[in-house]
Every structure is written in structure tokens, then in C-alpha cells.
Amino acid sequence: MLRCNAHAGMGLFLREQYRPSPPPGRPRHYPAGRPGGGEGRYCLLRVSEYETMSTQLPKTFDPAEIEARWYSHWEDNGLFRPERPDAEPFTIVNPPPNVTGSLHIGHALDNTLQDIVIRYERMRGKDALWVVGTDHAGIATQMVVERQMEERQDKRANYTREEFVEKVWEWKEESGGTITRQLRRLGCSMDWSREQFTMDEHFSNAVLKVFVDLYNEGLIYRDKRLVNWDPKLRTAISDLEVESQNVPGHFWHFKYPLADGATLDDGRDYIEVATTRPETMLADMAVAVHPGDQRYKSVVGKHVVLPITGRRVPVVADEHADPELGSGAVKITPGHDFNDFEVGKRAGIAPADMLNMLDAEANVCQTADRLIPEEFIGLHRFKRDGKDGARELVVRRLKEQGYLIPHITRTKKGEEIEQDSEPRTIATPFGDRGGVVIEPWLTDQWYVDAEKLAQAPMQAVQDGDIEIIPQSWEKTFFHWMENIQPWCISRQLWWGHRIPAWFVRFYNTDGTTGTLEPVSEVIVDETLEGAYEQMIYRPEYEDGGGPLLFVYDTMQEAEERWLSDVLESPGPEATKRHGVVFVQDPDVLDTWFSSGLWPFATLGWPDESAPLYQKHYPNDLLISGFDILFFWDARMMMQGMHLTGQVPWPRLYLHGLVRAADGSKMSKSKGNVVDPLGLIDQYGADALRFFMAAMESQGRDIKMDDKRVEGYRNFATKLWNATRFCQSNGIGASATLAAPDAKLAVNQWIIGEVAETVEALDTAMAELRFDAAADTIYHFVWDRFCDWYLELIKPVFAGDADSSAAVETRAVAGWALDQILVMLHPFMPFITEELWSKQGAVNDKNRANYPLITAKWPEPQASVSKDATNAIDWVIELTTATRSARNELGIPPGKKLAAYCPAPSDLATRTIERSAAAIERLARLTPVTLGEMPSGPAMQVMAGADVFVVPLEGVIDIEAEKARLAKALEASAKEAKSLEGRLGNANFVERAKPEAVEKARADHAHHSAEVERLTTALGRLE
RNA sequence: GGGCGUAUAGCUCAGUGGUAGAGCACUGUAUUGACAUUGCAGGGGUCGGAAGUUCAACUCUUCCUACGCCCACCA
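Using the working numbering, read the first sequence as starting at 11 and increasing by one per residue.
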């Protein structure tokens, strides 16, 4: 007896749709067949066209055609952000890719995960906003444009700053859209209608305001200190943009002669120093020894005379010098080494007095004391293009003059080999963009007091206000934040947000003191007008009329023109008393300074009343690669928390890298990069996306595996064909919102399976377990729905198409397929949308107007009849066991066999009667008779507690069957014995968890019964 | 030097304090109706090594080994 009350509580598998927002006026067109990576394979198909298309599925599944059609439909109809003013918001922001970028495999992972989340939340009814845009990427973009100029024998220097920036904008308009087109090909459902750019007017204004505010709060300041200088790009860069690499190098030892006849205690008249950078000795300003180092105690405070330059420098005591290392004495070049800079300061040398011997391109220039011999001036710091540099020349001169201490090595034979230097591997800093060795260089730059800003984010993570997933990243985060250094934010570039600071020079118009001093003052203000206003309110101008203002773009221009401009300037005498020259700081801000504002400046901030900001900040989640945890994520926390007083997002999900198939890092130089667009062309975007989701387990990199992508393409094909099967049997979209009434066990069973799947998916999504989510839906679709449900319902359609069973089954199957499409949609948006529309057309001509992308996510409230579930599970077990037995005994799988069930359980009795057709079709057992079989050779098959005896007169090999049963018996007996042993252990029974004991007892009973049955079955064969 | 991660079937990876799973690969087999981009059945792992905790360890702890990553430093 089947009870059919299961569906009573199943009312909420709705097919309810949200009203899409009206389409924006302008349909998007994409050029077809665009060359270069195939990123533009879109063609426009108007909604009206596919509404009238055949709803019959073609035999073959062509991802490219479907993808192009649906993406433009979604976008043109505003479906990525339907109007839901009253819905709960859900917000993520896309890490803005460089405007110069093209989609690489890492983007594919990052954006797939985000799209899965946003599609899921959109289907759950949220007001889901996925902010998208691009980053102006100062250095990268300027490099691209300059490289293009070089190809045309042109260069940046041929243009004014304004002209050059204009050229970059032109380039951006023409070529900057590559990556956004490619993101569309991946299926990403971002809000393109509000696409942002970090140099949009609104965004730029926010950046300037932040700079000014932080300056006024003392959190941004100008400082003269060593920066990481990239001599190729001729700009400062931040600590994070420096990559340390081990390169083979040399370690040289020199004698620095002591001055004034001083000697060490051992009688030597020199101090030995060692260095990997001999060229910097031209700017040495001291020799340091450890204060406790007895060897040098007597010469501390005395001087050495440097070879080559003849500079007289002191021997200083400093903890920095390690007595254990080398000679214990270290040369100090405060202007060209970070450690030495600190030693120099401790020794009383002011940064302004530190000697500099290199220009912006790392060529030797004269020091302030003019002691560098002429032959060095203009040389590059080291060998370049085969030409010796300052390093080589310094070594040669020192050797000639007898100051080089050779390095002696002994061969195994005891021979001594003399070399100029000791070979060594040296950790060398390289610029991550320019690729050349970074030079510590003494300049004035703008810094952010990162240490102060880091406090709130650390607290937030500590308190759980920001959850980092996976949690293992927390330690890394804290370690970095606790040791954070001032953040250099000025860049000597033209492309970017120009720093709103004016260098100001005062002069008297009579010319008497009218010289342009070195920077006498800096005024920071968002605008020139504001900066000027800051001046005229000064006390000295309170009698009215401010100074005359002259603004120049560069310092050079100011130098050349200010005096004549002043003399020629008209104006009342009163205002000509004083003049002021403004030159805006030529530098721009670090790109990451602006992208740190992304979670809120894209939403209307700093206008805190902006509706989007109000509703969508803080965001709900940030998904990013761990490689930009410091660059971007931490900066968003620092800036966001300081500026808005709120965490930018309560959850930060960090995913790994996508690696090449052999596990190596993908890089252009290795030539092992995998183009995601190529994979999309080959397997479809859905397959690539599903791959990314399935492989994304927290805290692990992903290795590329084309076979697996292919497997998910096959999965899509499987679903396609399952839908074709449904269509051919009149199964269309569900006519009801709730799960249909089901009397047949198989239908109740699938309803229960759907409910379990939804629940498992929701759990996985809540935990951001993308792999578990993908795995769940994959196995439900393939193993449960296709392999069992569709097979189990085939007998229903073999009979009367209008029977109540057929009607019910069509309804349930259509409903279940609907649920599949909904659940799979976040992962495979294209094929599911296509099938949804084609399915809907069976019963609902207007289905195409109700796209899947805004369909409602299932809310399972099911309680399914246990009887029905048990019955189907039992049929499955019987089928599998029968197939297995046939296979082992070599019985043809299709051969129908009679079967006897000598001692049927209640379940067996009921199910054999009700599901005879399914048993016949799948297990190929018919008829099944309850009762003993006539004697004779037979095969034994077990399902649950039931034994089936299948007579096989003349077919069966009795010995084979005996062996098969004996093998099963052995396995069961072993299991039973092991459990018996455990249950016999008093410690286990007393101390283990009661559920564990209970389970062991049940398992033991089960295996014992199985042993019993198998023994009986074997006996029957005797 | 500091920190993190990973070692599970041939390969790529999940996994839980109660003696292991997936995909691919492999073996056998099936083929006139959804699907060979397929179906069915199957083989294959003492869960890197050692010790400890526990009634029980692939799972927890410690140590070791190997590989990878990050940070700092090597004058």
C-alpha cells in the first residue's frame, strides 16, 4: 500500500518568476568573427526571433550558438540586475581587471566563482548587484602605450603630458574593452549598465578627496627616504611591487685603509669590508663595526680613507654590523641601501646630507662632494649590453691599486685557486613590472601611514567582523599587517590620478627676493582654486587682495617663465606685492590607492546618502585570489574601514592559482599559459565554468586538466539528451508551481531526491564549498535522474499515454527537470537557460519571456514517504545485484529470467507487485514468483533482506556460481567477524559513543544475516 | 631565519575519530529509439614515514622526509 500524502507538504518548489526590469533602450551588438582570440563571437538575436523558433531540440548540442544568443538576451533585457527595490540586497564587487588585460585562466576561476554566487543569490530573490569595471592600471597601461609608440619609432618624450594622456585615453577607448567582452563570453552576469572605470570623473573625485582628507588627518605625508626605485620605468614602487629573486652573483672583499696612521690591534693598517655591490662604495659614508667587537674597539671614532674617491669617512659602532659575518666590518652607503640608511641616520647623518651617486636610470652621477673621478660619471651601475659598468670599473681600479683581497679556494687536490671574488647566490630585488633590479634611491615621496590604518582591520578580523575563508590565511594576514611599513603611493608616471598637491614658491614682485627657492611649501587641496583659497586666507593677506597666482605644469617651465610673466602681468599695484607660483606635483597615485576604494566609491561614495551606497555597502562577500590579499584586499579593509567606518565586507574568500597541467605556474615566458577562450571554444563556457567550480576546494591551487573540462562538456551533453528524451515523451515544463501530486513510488522517490539535493546544495553554497556544490548537482543529474529515474519511468510510457500513471509521471518528470535546470543554472547558465526555454515552449508558448536567470530557487519543505523511497532503493539494489551476478556468470545482460522469492519481506511483496514492469525492464527478471522454486540449478541474488533464486537450467556454471557466492560469503563473514570483535570489547561498548555502538550492532546484525542467507544459498546448490 | 600549505587508487583530487570516495585512465561487456560526448559490470589504495593520545587514527598531537608558496635577511 502506497500512501501518497508526501506531496502535501511540498508546496514550495515554485516556478515563480521575478519581473525583469525593462530593457535598456540600446541593444548591444557585437562584431561577429572578430579576430584575435575569438573574444567577440557574439551575434545579436532579438528576443522576438527566438520566441518563434522551434522548441524542438536539435540532435546536437552547440554551445557557441547558445552562449552568444543568451548572453545578449540577458544583457539587453536588464536581467543581470532586475528591479527589486524591496528585496534584500546582495552585493559583490568584481576585482577590476586591468584595462589592458585579457582574460587569463585565473580570471576565469575568479569570475566563475563570483558568477555562481551572484546567480544563486539572484535566484534566491535577492537584489543582487555585481559591480564591474576596469582599473586604469597606471604602470601597465602606460607601458602598453609606450611600447606601441616604440614600435612606430615614437616615444613619450615627443609629447606633452597632456598629449600623452590623451593618447592613453584614445587607446583605452579603442582597445580597453577586450577583457569585458571576454568576461561576457564566460557568462558573467555583472551589472554592465553601471560599468565603472577607476578614472571616471566620479571615481577620480573620490580618490582626490581621500588623498586630501588623509593628508589633513596626518595619515598621508611627504617624506625623504629611500624608496624602491625602478630605473627602467623611472618611478618609485611600493614594497609589494618588489619581487626577490635568487641570482648568481659575487662577493668581493676590500681593504679600506685607516687614516692618520691608525692600526688595528693585530697591526693591520686597514679594515676589511665585503660587499656584493662594489659600485656603491663611491658613495660610502662610513664603516660600521659592532659595538662589542674587540677587534675594532680601538678604531671606532677614527677614520678610513676610501680608495678611488679619497673620501674620509668615520668608523662607527652600530648593532647592524654582525661580528660573525665576514670580517665583522661593513661599508655604509646610506643613500643606496636600506640598512645603511638606518645606520647612517643613527650615526647622525640627515637624509638630506646622504650622498647620492646614481641618477634616475641608475647611471653614475657626481656626488655632492664631487669626489667621484670623472671616468665613472655616466657609467651604468653594472654591466649592460656587454659594456662594463661602474661595478666592473670599481673592482678593476681597486685591484690595480691593491685594495682587492682575492678569494682563495682549494681544490680537492689541495691546489689554491685565486679569484677576484667569491661566487654567491644573492637575493636580488626586481621590479614586478619593469623586470630590472630595483635601486634603493633617496627621493621625496608621498607615504600613507599604513600602520595606523592597519589597526582597525586587524581588530575586525580578530573579532570575526571579517571572516577570512579559508581561515588559514588569517596568520599570513596578521603577520603582514603587524609588520606593515609606510606605503609609498606616489608614482613618477603620467597616467593616473595626479596628486592634488601644489608646490608653492613665493616671491616679491620687485624682484629683490624673487628667486625660486627649492620647495618652500606644499599645499594639498582637491582643486587649484581650493589650494589658492587656502593661501589668501592667510594673515599676511588679510588686508585684501591675495598674491598674484602663476600656475605652471612643470618646474622647468616655472623656472623659465615666471620672472617675465610677473613683469608682464597687469593688475593693480596692491595685488602685485606678492606673487606665488604653483606647480602641481607631477606624480600620480599608486593604482592600488584608488582601487582600494572600489567597494564604496563605485556605489556613489563619498555621497553617503547615495541610494546604492546606502543599500549595498558594506558588500556581502569578496572573492579574490590570495595573490592580491595584500595589494588589494587589505588595502580595501584599511581604506574602507577608515573612510566609511564599516568593514567593506564581512566575508573574504581567497582562492588559489590555476596551474598548468604539470603543476607549474603559468607564465608567458614559459609558454605554458592556457587560454580560457580556447577552452570555451572547444568545450563551451558551461563546461569550463563547471570545471572551475568542481575543482575549487578551499585552500588549494587548481591544476589544469583538459580531460576534466571535456568530462563536464559531456555532462552538459548528457543533460541535453535527457531533455530530448523528456520532450519525446511529452514531458514539458511543470504546469504547477509545487511538486505535482505523486502516487507512484518512483515519482515520490525523485521528489525526495530533489529535496535532498537542494538541501545539500544550499549547505555547500552557504559554506562556499564550490566543489561540493558542483559534485552534488552533477551526481544528482547523472546518477539519480538520468541513470535511474528516467530508466524507471520508461515502462510507464510504454503503455497507455493517457493513463493516470503516465499523466502523473509526465508532470513529475517535468517538474524534476525544472528543478535541475534551476539548481544547475548558477554553474551552467547557458545550456540550462536554453533547455528551460525549450522545455517551457512545450506547454507554455510564452515561456521564453520568463527566463531561467530570474527564476526562483527551490525551497524544499518536503517530507517524502519513506515507503516509496525504500521501495525504489530496493528495486535499485535488486537490479544492481542481478546485473552484477549476470556479468560474473556470463549470462547475457538482456536475457529475461524468471525468479522466485522463497521468503519475501513485506517490502518485497509490495514492490514486486507494484514495480513489476520496472523490475522486468531493468533487472530483466520476469515473472517474479513469491514462493519456492522448483529444484534445479539456480543463481542467487540478494536485495535487502530478500533472496531471489533464478533458475538457470542449462545456462549456469554451478561451480562459477558457487565461487561467486563463496567470495561474497567470505567478505560478509570477515565484516561480521570484525564487528563481533569490536562488540566483544568491553572498552568499546562502555566507552564509545552510544550511536557508534548502536551502528556496530546494526551492521553486525546485517552482515550476520547476509552470512546466513549466503550459506543457505550455497546449500541450495549442493 | 619566520610563517603557511600539500603528501589518499596509474593521473587529478574530495573526505570523515568507527578500517576509504569521485572524475579521468584501465579491464570486461552491451548497440535499431535520449545519449558511444553512451549504458552496464569490474579491477585497483597497509590514506608519505615514525612515535604518541584513544576502546578505535586516513582523520588528533609531536617529530621526520619530500615538494610548493609567502615574508624577512644574507653588508
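Idealized CB from N, CA, C, for every residue including glycine.
Is it buried or exposed, residue i, if we count other Cβ atoms within 10 angstroms and call 16 or more buried?
i: T144; result: buried
i: T733; result: buried
i: R25; result: Here R25 scores only 36 on pLDDT, less than 50, and its place in the model should not be relied on; the value that follows carries that caveat. Buried, because 16 or more other Cβ atoms sit within 10 Å of the Cβ of R25.
i: T151; result: buried
i: K5; result: Since the first and last residues shown for the chain are 11 and 1032, residue 5 lies out of range.
i: E843; result: buried
i: K1033; result: In this structure the chain extends from 11 to 1032, so residue 1033 is not present and cannot be described.
i: L940; result: exposed
i: G197; result: buried
i: R79; result: buried
i: R1023; result: buried
i: D772; result: buried
i: V257; result: exposed
i: Q849; result: buried
i: E1020; result: buried
i: S203; result: exposed
i: R934; result: buried
i: N493; result: exposed
i: G399; result: buried
i: P95; result: exposed
Which residue from the options puts its Cα closest to that of residue i?
i: M833; options: S847, V764, A815; result: V764
i: G311; options: R129, A298, G148, V141; result: A298
i: Q481; options: G614, D751, H417, E777; result: E777
i: D240; options: Q502, G589, A1015, F603; result: Q502
i: H117; options: A955, A774, M702, E77; result: M702
i: N251; options: G277, H330, E227, I149; result: Going by the sequence as given, residue 251 is Glu instead of Asn. If we check each option's Cα against that of E251, I149 comes out closest.
i: T892; options: D956, Q411, P596, D877; result: D956
i: H1017; options: V999, L993, L979; result: L979
i: L622; options: V141, D86, L119, P105; result: V141
i: P658; options: K625, E942, A357, L667; result: K625
i: R401; options: K422, T421, L368, T419; result: L368
i: Y3; options: D637, C375, T612, E172; result: No information on residue 3 is available, as it lies outside the stretch 11 to 1032 that the chain covers here.
Here's a check: name, in chain order, each residue in its chain whose Cβ is nearer than 6 Å to the Cβ of residue i, leaving out the five neighbours to either side.
i: I633; result: L123, Q124, Y663
i: F100; result: E131, K136, A138, D630
Which residues in the same chain have their Cβ closer than 7 Å to the Cβ of residue i, if we skip the five residues on either side of it in sequence?
i: A378; result: L365
i: A671; result: K713, M714, D715
i: A1027; result: Q950, V957, L975
i: Q472; result: none
i: A1010; result: L989, R992, L993
i: A774; result: A782, A783, T786
i: V175; result: W504, W505
For residue i, which residues of its own chain have a beta-carbon under 8 Å away from its beta-carbon, when the five flanking residues on both sides are left out?
i: F837; result: I126, D696, R699, F700, A703, A783, A784, I787
i: M648; result: A460, L463, A464, A466, P467, G606
i: S199; result: W84, L89, F90, D125, I128, R129, R132, W140, P839, I863
i: V405; result: W262, P288, L414, D430, S431
i: P165; result: At residue 165 the sequence reads Lys, which differs from the Pro that was named. Cβ within range, chain order: E156, M159.
### Three-pair Cβ contact test at 8 Å for the region 265 to 272 versus the region 438 to 451
no
### Sufficient close CB pairs (3 or more, under 8 Å) joining the region 718 to 728 to the region 672 to 686
no
### Query
Along the chain, which unbroken stretches of the beta strand (DSSP E) at least 3 residues long are found entirely within the region 210 to 269?
230 to 240, 245 to 247, 252 to 267
### Message
Measuring CB atoms only, is the region 477 to 488 touching the region 216 to 228, in the sense that at least three cross pairs come out at less than 8 Å?
### Response
no
### Task
Report yes or no: do the region 688 to 700 and the region 631 to 647 share at least 3 C-beta pairs separated by less than 8 Å?
no
### Query
Is there contact between the region 824 to 831 and the region 736 to 747, where contact requires at least three CB pairs shorter than 8 Å?
yes
### Query
Pairing CB atoms from the region 157 to 173 with CB atoms from the region 225 to 234, are three or more of them under 8 Å?
no
#### Entry: Three CB pairs or more closer than 8 Å across the region 804 to 822 and the region 923 to 932
yes
#### Entry: Stretch-stretch touch, CB-based, cutoff 8 Å, three pairs: the region 653 to 669 with the region 468 to 481
yes
#### Entry: Contact between the region 568 to 580 and the region 605 to 623 (3+ Cβ pairs under 8 Å)
no
### Message
To test your reading of the DSSP string, which unbroken alpha helix (DSSP H) runs of 4 or more residues are found completely within the region 662 to 747?
### Response
686 to 693, 695 to 705, 716 to 738
### Query
What are the complete alpha helix (DSSP H) segments, minimum 4 residues, inside the region 746 to 804?
755 to 776, 780 to 789
### Task
Run through the region 121 to 209 for me and flag every whole alpha helix (DSSP H) of 4 or more residues, listed as ranges in chain order.
148 to 161, 171 to 185, 188 to 196
### Task
Enumerate, from N- to C-terminal direction, the unbroken beta strand (DSSP E) stretches of 3 or more residues contained entirely within the region 940 to 1024.
948 to 953, 956 to 961
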